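Engineer: Residue numbers (my numbering): 691 to 820. Think of the CB as a built atom: it goes at the ideal place given N, C-alpha and C, for glycine as much as any other residue. Note that the coordinates shown come from a computational prediction; the quantities given were computed from them, not determined experimentally.
#1: Do you know whose CA, among 703, 747, 756 and 810, lies nearest residue 723's CA?
#2: Report yes if the CB atom of residue 714 is closer than 8 Å to the CB atom of residue 782, and no otherwise.
#3: Under 8 Å between the Cβ atoms of residue 770 and residue 707?
#4: List, from N- to C-terminal side, the beta strand (DSSP E) runs of 3 residues or more that fit wholly inside the segment 759 to 798.
#5: Taking C-alpha atoms, which residue in 778, 692 and 751 lies nearest to residue 701?
#6: Less than 8 Å between the beta carbons of residue 773 and residue 716, yes or no?
#7: Just to confirm before moving on: does the CB-CB distance between residue 696 and residue 726 stay below 8 Å?
#8: Exposed or buried, which one is residue 759 when buried takes at least 16 other CB atoms within 10 Å?
#9: Given a threshold of 16 other Cβ atoms within 10 Å of its Cβ, counted over all protein chains shown, does residue 711 qualify as buried or as exposed?
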């Protein structure tokens with residue numbers, strides 16, 4: 691087992707990151723340290739919120755990414771975020787060095803950046819898989 695810092699993203703956001711279509715993650719907050727290397731992206735089907743659902747035990751690890759920098763989200767970056775509408779006041783996290791993964795079992799999705807343990811992720815055929 692290996693410990694990773696993780697970030698949950700509602701489906702299909704994780705798949706779009708793996709496909710190289712989504713290169714910005716939009717949040718109201720920023721990581722405490724940058725660059726952030728080896729962040730595990732956990733895709734989940736339930737939108738999490740502090741006032742409602744705070745976890746989803748049925749998440750799925752889909753990628754390891756690095757967060758290169760964070761900047762103010764601009765309207766011209768809507769497509770890079772795979773967004774449907776732009777609004778001011780949000781932050782754009784630049785995702786680089788995307789490595790698709792499949793750890794072979796569910797991974798809990800939580801709010802914020804959190805710690806999770808998953809089996810070691812072997813590298814095969816250009817991506818990590820179980």
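Structural biologist: With the structure as the only source:
#1: Residue mapping note: residue 723 aligns to position 33 of the chain shown, counting from 1. Per the Cα distances, 756.
#2: As a working mapping, residue 714 is identified with position 24 in the chain shown. As a working mapping, residue 782 is identified with position 92 in the chain shown. Between residue 714 and residue 782, the gap from beta carbon to beta carbon is short of 8 Å.
#3: To locate residue 770, count along the chain shown from 1; it is residue 80. To locate residue 707, count along the chain shown from 1; it is residue 17. Cβ atoms of residue 770 and residue 707: not closer than 8 Å.
#4: 781 to 790
#5: Position 11 of the chain shown, counting from 1, holds the residue named residue 701. In this structure, 751 is the residue among 778, 692 and 751 with its C-alpha nearest to the C-alpha of residue 701.
#6: Translated into the one-based positions of the chain shown, residue 773 becomes position 83. Translated into the one-based positions of the chain shown, residue 716 becomes position 26. For residue 773 and residue 716, yes; Cβs fall inside 8 Å.
#7: If you number the chain shown from 1, residue 696 lands on position 6. If you number the chain shown from 1, residue 726 lands on position 36. Not in contact: residue 696 and residue 726 (Cβ atoms no closer than 8 Å).
#8: By 1-based counting over the chain shown, the position of residue 759 is 69. By the neighbour-count criterion, in which a residue is buried when 16 or more other Cβ atoms sit within 10 angstroms of its Cβ, residue 759 is exposed.
#9: Residue mapping note: residue 711 aligns to position 21 of the chain shown, counting from 1. Its Cβ having fewer than 16 others within 10 Å, residue 711 is exposed.
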